[in-house]
Amino acid sequence: MQTFASTITKVFYGTLIHSVSIKEIEYIKQGLLFINNQGKIAKLVKNVAQDKIECSLEGVDSEKIVHLNDDQFIIPGFIDTHIHAPQYTFCGNGHDLPLLEWLDTYTFPRESKFQCKDYARKLYTKSVARSLRHGTTSACWFATIHLDACKELVDIIHEQGQRAYVGKVNMNQNSPDFLVETTESSVRDTRAFVEYVKDVNATLTHKPLVTPIITPRFAISCNSELLTELGKLAKEYDLPIQSHLCENMNEIGFTMSLFPNSANYTSVYADHGLLNDRTIMAHCVHMKDEELDLMKEKNAGISHCANSNFNLKSGMANVREMLNRDIKVGLGTDVAGGYSPSILEAFRASRTCSVARDMETSLVVAELFYLATVGGARVMELEDTIGNFVVGKEFDAILVNTAVDNSPVDIFDHDNVETKFEKYLFVGDDRNNEKIFVQGREVRLPGSEVASRK
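For the sequence shown, my numbering assigns the number 1182 to the initial residue and increments by one for each residue that follows.
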């Protein structure tokens, strides 16, 4: 029989910061965080004085302790609830165009290149690595329509060690000829992709991190027959679903012209079996009251992508109203509509968006940090698995160092734990992310010396 001490692989001693509710950030000073051999948080002890550490270890070898200095702290990993893996190739380009023109000019031509598996591996390796470097321990990825390239993305994510939902995109209408599938081929390849992920997961020695997600690009790109079949696939395999919703007024008008029998854009997805508690809808900028009611009724989640919504001039989502209705909300970078794969940038853009909408009810730091962590976990229906440092959850985390070489954050004598953390949120970047952990293991980035998970 294993003892508690024998199951512990690592113990962190120092400052731990996490959300305990949407209104409260907990700052744990002199904390001991025990990680077991399943990658889970086994125990959390607060306020342990230096001379009391030995007594609190319960037989765990002191060599397993990682001592944090005063400029270091550990936070939960960030959760990106909406990001396009192939679009990292033109991240930062084309923000002078509105959504539909931007898709035709930049997105669709670039995505066509992913018919080449070797090209996909080269670019996806960079996309995932950049996301991880920014502290994104969990991501909801859109790939492209290309089956082989989608498989490459899954392999790369496993190699680098990120937790992810990965979707083979579906498109059978209103798209360039080089990206149009038939209903039959789209469904066939989606099923093949799901089976591939299942087969890969079955070979792993650790708990799988990649989940396939049903991914109609948006209602414009899929006819009713395809949407219906995708809804059936989601139910058959019990899979999450992701798409775009109410991002742009022209998009909404076009959608309703295609689906006149649906009451509104949100109902288009509901009418085809694609709106439930595992659905993640990106943007939701221009939602009617009845659409928000439907989202709440179905317990569907929203990915708030403020950076993208500003860049493509889509508008400003009313996140306060969503939260008032207790709708699940997380943050998304929406690369490349968003110019950065950093959730810190999404955090800042979300703050600006909420202030611009209404200064009196704007989102505060505690709420935004919650959306970047626990909120994203709720959107992914992983709230019992990740998001904060509750005992029993898996250890997905960032070891932040505000005093790292070439840090964008300057620390002064008057700074304390709270002000250092806030400076990181508003001034810091990936240089401050000293180490990143997923499921209790330090992730492997290209060029690093950390061993591969496989």
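Each residue gets a CB set at the ideal place from its N, CA and C atoms; glycine is no exception.
* Three or more beta-carbon pairs under 8 Å between the segment 1537 to 1551 and the segment 1613 to 1622, yes or no? -> They do not touch, by the three-pair rule.
* Asked: Taking one C-beta from the segment 1439 to 1446 and one from the segment 1377 to 1392 each time, how about it: are there three or more such pairs within less than 8 Å?
  -> Below 8 Å, too few C-beta pairs join the segment 1439 to 1446 and the segment 1377 to 1392 to call them touching: fewer than three.
* Neighbourhood of residue 1313 by C-beta, 7 Å cutoff - its chain only, sequence neighbours within 5 removed -> Working through the sequence shown from its first residue, we reach residue 1313 at position 132. These residues qualify, in order along the chain: 1341, 1343, 1617, 1624, 1626.
* State yes or no: is the C-beta of residue 1299 nearer than 6 Å to some heavy atom of the ligand SAH? => As far as ligands go, the structure on display features none, and thus does not contain the ligand SAH.
* Asked: Between the C-alpha atoms of residue 1605 and residue 1404, what's the straight-line distance to the nearest angstrom?
  -> What you label residue 1605 is simply residue 424 of the sequence shown in a count that begins at 1. What you label residue 1404 is simply residue 223 of the sequence shown in a count that begins at 1. In a straight line, the C-alpha of residue 1605 is about 45 Å away from that of residue 1404.
* Asked: Excluding the five sequence neighbours on either side, which residues of its own chain have a C-beta within less than 7 Å of the C-beta of residue 1186, listed in chain order?
  -> Along the sequence shown, one-based indexing puts residue 1186 at 5. Result list for residue 1186: 1239, 1240, 1241, in chain order.
* Buried or exposed (CB count within 10 angstroms, at least 16 for buried), residue 1545 -> The sequence position of residue 1545 within the sequence shown is 364, counting from 1. Residue burial is scored here from C-beta neighbours: residue 1545 has fewer than 16 other C-beta atoms within 10 angstroms and is therefore classed as exposed.
* Asked: If we ignore side chains and look at the alpha-carbon of each, how far apart do residue 1422 and residue 1449 end up?
  -> Looking up residue 1422 in the sequence shown gives position 241. Looking up residue 1449 in the sequence shown gives position 268. For residue 1422 and residue 1449, the distance between alpha carbons rounds to 14 Å.
* Straight-line CA distance for residue 1359 to residue 1328? -> On the sequence shown, position 178 is the one that residue 1359 refers to. On the sequence shown, position 147 is the one that residue 1328 refers to. Each residue's Cα considered, the two are about 14 Å apart.
* Could you tell me whether the Cβ atoms of residue 1517 and residue 1465 are closer together than 7 Å? => In the sequence shown, the residue the question calls residue 1517 occupies position 336. In the sequence shown, the residue the question calls residue 1465 occupies position 284. The answer is no: Cβ separation not under 7 Å.
* Closest Cα partner of residue 1274 within the set 1603, 1368, 1347, 1492 -> As a working mapping, residue 1274 is identified with position 93 in the sequence shown. Cα-wise, what sits closest to residue 1274 is 1492.
* What are the residues that DSSP puts in a beta bridge with residue 1247? -> The count along the sequence shown starts at 1 and reaches residue 1247 at position 66. In the DSSP output, where bridge partners are listed per residue, residue 1247 has 1193.
* Would you grab the beta carbon distance between residue 1578 and residue 1568 for me? Rounded to a whole angstrom, and I think it's under 8 Å. => One-based indexing of the sequence shown puts residue 1578 at position 397. One-based indexing of the sequence shown puts residue 1568 at position 387. Not confirmed; about 11 Å, so no contact.
* Asked: What are the start and end residues of the alpha helix (DSSP H) that includes residue 1317?
  -> Taking the first residue of the sequence shown as 1, we reach residue 1317 at position 136. Taken as a continuous stretch (DSSP letters only), residue 1317 belongs to no alpha helix (DSSP H), being part of the beta strand (DSSP E) at 1317 to 1323.
* Does DSSP classify residue 1569 as helix, strand or coil? -> Counted from its first residue, the sequence shown places residue 1569 at position 388. If DSSP states are grouped into helix, strand and coil, residue 1569 belongs with coil.
* Measure the beta-carbon distance from residue 1352 to residue 1398 and round it to whole angstroms, keeping in mind my assumption that it falls under 8 Å. => If you number the sequence shown from 1, residue 1352 lands on position 171. If you number the sequence shown from 1, residue 1398 lands on position 217. The pair is a contact, with the Cβ atoms about 5 Å apart (cut-off 8 Å).
* Please list, in chain order, all residues of the same chain as residue 1530 whose beta carbon is under 6 Å from its beta carbon, the five residues on each side excluded. => Within the sequence shown, numbered from 1, the residue matching residue 1530 stands at position 349. For residue 1530, where only same-chain residues beyond five positions count, the Cβ hits under 6 Å are 1487, 1488.
* To do: Would you kindly report the start and end of the unbroken beta strand (DSSP E) that includes residue 1605?
  => Within the sequence shown, residue 1605 is the residue found at index 424, counting from 1. Not the beta strand (DSSP E): residue 1605 falls in the alpha helix (DSSP H), residues 1598 to 1608.
* So which of 1581, 1585, 1600 has the shortest CA-CA distance to residue 1193? -> What you label residue 1193 is simply residue 12 of the sequence shown in a count that begins at 1. In this structure, 1581 is the residue among 1581, 1585, 1600 with its C-alpha nearest to the C-alpha of residue 1193.
* Asked: Between which two residues does the beta strand (DSSP E) containing residue 1593 stretch?
  -> Here the question's residue 1593 lines up with position 412 in the sequence shown. For residue 1593, no beta strand (DSSP E) run applies, since DSSP gives it neither H nor E.
* Asked: Could you give the residue range of the beta strand (DSSP E) that holds residue 1205?
  -> In the sequence shown, residue 1205 corresponds to position 24, counting from 1. Here the beta strand (DSSP E) through residue 1205 covers 1205 to 1217.
* **Option in 1460, 1213, 1424 with minimal Cα separation from residue 1234** => Here the question's residue 1234 lines up with position 53 in the sequence shown. For residue 1234, the closest alpha carbon among the candidates 1460, 1213, 1424 is that of 1213.
* Asked: Going by the CB atoms, is the gap between residue 1400 and residue 1371 shorter than 7 Å?
  -> For the purposes of this step, residue 1371 is identified with residue 190 of the sequence shown, where counting begins at 1. For the purposes of this step, residue 1400 is identified with residue 219 of the sequence shown, where counting begins at 1. Against a cut-off of 7 Å, the Cβ pair of residue 1400 and residue 1371 comes out as no contact.
* To do: Give the single residue among 1609, 1451, 1445 whose Cα lies nearest to the Cα of residue 1415.
  => Position 234 of the sequence shown, counted from the first residue, corresponds to residue 1415. Of 1609, 1451, 1445, the residue nearest in Cα terms is 1451.
* **3 or more residues per run - each beta strand (DSSP E) lying fully within the segment 1273 to 1330** => Within the segment 1273 to 1330, the complete beta strand (DSSP E) segments at least 3 residues long are 1317 to 1323, listed from N- to C-terminus.
* Asked: Tell me which same chain residues have a C-beta within less than 7 Å of the C-beta of residue 1295, skipping the five on either side of it?
  -> Position 114 of the sequence shown, counting from 1, holds the residue named residue 1295. Cβ within range, chain order: 1267, 1301, 1325, 1327, 1330.
* With distances taken between CB atoms, is the gap from residue 1406 to residue 1364 smaller than 7 Å? -> As a working note, residue 1406 is residue 225 in the sequence shown. As a working note, residue 1364 is residue 183 in the sequence shown. Between residue 1406 and residue 1364, the C-beta spacing is below 7 Å.
* Rank 1215, 1183, 1277, 1255 by C-alpha distance to the C-alpha of residue 1519 and give the top, closest one. => One-based indexing of the sequence shown puts residue 1519 at position 338. Nearest neighbour of residue 1519 by Cα position, chosen from 1215, 1183, 1277, 1255, turns out to be 1277.
* Asked: Does DSSP classify residue 1469 as helix, strand or coil?
  -> As a position in the sequence shown, residue 1469 is number 288, starting the count at 1. Residue 1469 falls in the coil class under three-state DSSP.
* First and last residue of the alpha helix (DSSP H) that includes residue 1463? -> Your numbering for residue 1463 matches position 282 in the sequence shown. No alpha helix (DSSP H) holds residue 1463; the beta strand (DSSP E) holding it covers 1460 to 1464.
* **Classification of residue 1510 by the beta-carbon crowding that lies within 10 angstroms, buried from 16 upward** => One-based indexing of the sequence shown puts residue 1510 at position 329. Buried.
* **When 1368, 1501, 1566 are compared against residue 1223, the one with the closest alpha-carbon** => Residue mapping note: residue 1223 aligns to position 42 of the sequence shown, counting from 1. Here the closest residue by C-alpha is 1566.
* Identity of the residue in 1279, 1485, 1336 nearest residue 1429 by Cα -> By one-based count along the sequence shown, residue 1429 stands at place 248. Taking only the C-alpha atoms, the option nearest residue 1429 is 1279.
* Rounded C-alpha distance that separates residue 1468 from residue 1513 -> Taking the first residue of the sequence shown as position 1, residue 1468 is located at position 287. Taking the first residue of the sequence shown as position 1, residue 1513 is located at position 332. When rounded, the distance between both Cα atoms is 18 Å.
* **residue 1255 - containing beta strand (DSSP E), residue span** => Within the sequence shown, residue 1255 is the residue found at index 74, counting from 1. Here the beta strand (DSSP E) through residue 1255 covers 1253 to 1257.
* Asked: How many Å lie between residue 1320 and residue 1197 at the Cα?
  -> Indexing the sequence shown from 1 puts residue 1320 at position 139. Indexing the sequence shown from 1 puts residue 1197 at position 16. Distance between the alpha carbons of residue 1320 and residue 1197 is about 23 Å.
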